[in-house]
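Quick note, in my numbering, the sequence shown goes up one by one and the last residue is 589.
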Amino acid sequence: MFTTFVRNKHEMALNDKRRYIIPLLYDIPAFLLVIVFELLNNPLNSLCSQIANCCYSGCLPIPANVESLNNMGIKYVINMCAEYNGPRITYKKYNIKQLQLPTVDSTAPS
Numbered sequence: 480m481f482t483t484f485v486r487n488k489h490e491m492a493l494n495d496k497r498r499y500i501i502p503l504l505y506d507i508p509a510f511l512l513v514i515v516f517e518l519l520n521n522p523l524n525s526l527c528s529q530i531a532n533c534c535y536s537g538c539l540p541i542p543a544n545v546e547s548l549n550n551m552g553i554k555y556v557i558n559m560c561a562e563y564n565g566p567r568i569t570y571k572k573y574n575i576k577q578l579q580l581p582t583v584d585s586t587a588p589s
């Protein structure tokens, strides 16, 4: 049922309560799982994956991850999360530039 709801287009107003249910049920537990895997140094936790010679795909870096990104030679980050502005202060410390293109999750693309 949840998958069907997510895959089908549903118009939602900004104050629609459904907009907040999905992040509570998915985003927060997923983020906590990433932190647990990182603390356990589990190989399932991957800050990013290389998809081309000079391009990586990753998810939700926190300030503690920025030094690793810098050590990998990453100088630019495209943040497409409307709900999270990224670790801007830490990026500035390591001279990493961030372009934020806020995209609201849990809604069909427009």
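In this text, a Cβ means the ideal position worked out from N, Cα and C, and glycines have one as well.
Beta-carbon separation (whole angstroms), residue i vs residue j, contact threshold 8 Å
i, j, result
"A550", "I575", "Just to set this straight, residue 550 is Asn in the shown sequence, not Ala. Wrong, their Cβ atoms sit about 11 Å apart, outside the cutoff."
"G537", "L526", "6 Å"
8 Å CB neighbourhood of residue i in its chain, flanking five on each side removed
i, result
"Y563", "L539"
"Y570", "V545, V556, K576, Q577"
Own chain, CB closer than 7 Å to residue i, minus 5 neighbours either side, in chain order
i, result
"R486", "At R486, the pLDDT of 44 sits below 50, so the modelled position is not reliable; the number obtained from the coordinates is stated separately. Taken in chain order, the list of residues that qualify is empty."
"I541", "P566"
"Y510", "Here residue 510 is Phe; the residue named in the question, Tyr, does not match the sequence. Hits under 7 Å: L539."
"V583", "A561"
Boundaries (first-last residue) of the alpha helix (DSSP H) holding residue i
i, result
"N550", "545-550"
"P540", "No alpha helix (DSSP H) contains P540, which DSSP labels as neither H nor E."
"I553", "From DSSP, I553 is part of no alpha helix (DSSP H); its letter is neither H nor E."
"K496", "From DSSP, K496 is part of no alpha helix (DSSP H); its letter is neither H nor E."
"E562", "Unbroken run through E562: none, as it is neither H nor E."
"Y570", "567-572"
"L504", "Unbroken run through L504: none, as it is neither H nor E."
Start and end residues, beta strand (DSSP E) containing residue i
i, result
"K576", "576-582"
"A531", "527-531"
Beta-carbon proximity list for residue i, same chain, < 6 Å, skipping 5 on both sides
i, result
"P581", "A561"
"Q529", "Y535"
"Q579", "N558"
"T483", "Annotation note: pLDDT 41 at T483 (below 50); position unreliable, no value reported."
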